[in-house]
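Going by my numbering, the letters in the sequence shown line up with residues 160 to 222, in that order.
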Amino acid sequence: MPRLLLTPEQAADALGLGRSRVYELMRDRRLRSVKVGRSRRIPYTSLLQFVADLEQLADAEAV
(Lines of atoms letter the chains of each structure in order from A; the text may use other names.)
(Lines give C-alpha, C1' and ligand atoms only; values in the text may rest on other atoms or scores of the structure.)
Protein backbone atom coordinates (compact mmCIF):
# COMPACT_ATOMS: atom_id res chain seq x y z
CA MET A 160 0.00 0.00 0.00
CA PRO A 161 1.40 3.43 -0.90
CA ARG A 162 1.91 6.11 1.70
CA LEU A 163 -1.29 8.06 2.23
CA LEU A 164 0.47 11.39 2.81
CA LEU A 165 3.57 12.47 0.93
CA THR A 166 6.03 15.28 1.46
CA PRO A 167 6.33 17.74 -1.43
CA GLU A 168 9.69 16.13 -2.24
CA GLN A 169 8.13 12.65 -2.41
CA ALA A 170 5.27 13.99 -4.54
CA ALA A 171 7.75 15.67 -6.88
CA ASP A 172 9.63 12.40 -7.27
CA ALA A 173 6.41 10.45 -7.90
CA LEU A 174 5.27 12.96 -10.54
CA GLY A 175 8.67 13.41 -12.14
CA LEU A 176 8.61 17.14 -11.38
CA GLY A 177 10.87 19.49 -9.49
CA ARG A 178 10.17 20.39 -5.88
CA SER A 179 9.57 24.05 -6.71
CA ARG A 180 7.00 23.07 -9.36
CA VAL A 181 5.10 21.01 -6.76
CA TYR A 182 5.07 23.98 -4.38
CA GLU A 183 3.79 26.15 -7.24
CA LEU A 184 0.99 23.66 -7.96
CA MET A 185 0.10 23.60 -4.27
CA ARG A 186 0.05 27.39 -4.14
CA ASP A 187 -2.18 27.55 -7.23
CA ARG A 188 -4.44 24.88 -5.65
CA ARG A 189 -4.01 22.57 -8.62
CA LEU A 190 -2.49 20.01 -6.24
CA ARG A 191 -4.37 19.68 -2.96
CA SER A 192 -2.37 19.56 0.25
CA VAL A 193 -3.18 19.33 3.94
CA LYS A 194 -1.46 20.79 6.95
CA VAL A 195 -0.07 18.34 9.50
CA GLY A 196 1.35 20.32 12.39
CA ARG A 197 3.69 22.84 10.77
CA SER A 198 4.23 20.76 7.64
CA ARG A 199 2.35 20.41 4.37
CA ARG A 200 1.57 16.94 3.08
CA ILE A 201 -0.01 15.87 -0.18
CA PRO A 202 -2.58 13.09 -0.01
CA TYR A 203 -1.85 10.21 -2.37
CA THR A 204 -5.35 10.59 -3.79
CA SER A 205 -4.49 14.19 -4.73
CA LEU A 206 -1.66 12.93 -6.94
CA LEU A 207 -4.04 10.53 -8.66
CA GLN A 208 -6.61 13.29 -9.17
CA PHE A 209 -3.96 15.69 -10.50
CA VAL A 210 -2.85 13.15 -13.11
CA ALA A 211 -6.47 12.38 -14.03
CA ASP A 212 -7.12 16.11 -14.50
CA LEU A 213 -4.07 16.36 -16.79
CA GLU A 214 -5.31 13.41 -18.84
CA GLN A 215 -8.76 14.94 -19.13
CA LEU A 216 -7.26 18.24 -20.27
CA ALA A 217 -5.11 16.47 -22.86
CA ASP A 218 -8.14 14.58 -24.17
CA ALA A 219 -10.18 17.78 -24.41
CA GLU A 220 -7.39 19.56 -26.31
CA ALA A 221 -7.04 16.63 -28.73
CA VAL A 222 -10.62 17.07 -29.93
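Glycine residues also receive a C-beta, built at the ideal position from the N, C-alpha and C atoms.
> What residues in its chain sit with their C-beta under 6 Å from that of R199, if we drop five residues either side in the sequence?
Replying inline: For R199, the CB contacts under 6 Å within the same chain, skipping 5 residues up- and downstream, are S192 in chain order.
>> Between the alpha carbons of P161 and Y203, how many angstroms are there, rounded?
In response: Straight-line Cα distance between these residues: approximately 8 Å.
>> Please report the distance separating the alpha-carbon of Q208 from that of G175.
In response: 16 Å
>> Please give the ranges of any alpha helix (DSSP H) in the region 167-220, keeping only runs that are unbroken, at least 4 residues long and fully inside the region.
In response: List check, alpha helix (DSSP H) in window: 167-174 and 178-186.
>> In the DSSP output, which residue or residues are listed as bridge partners for L165?
In response: Answer is I201.
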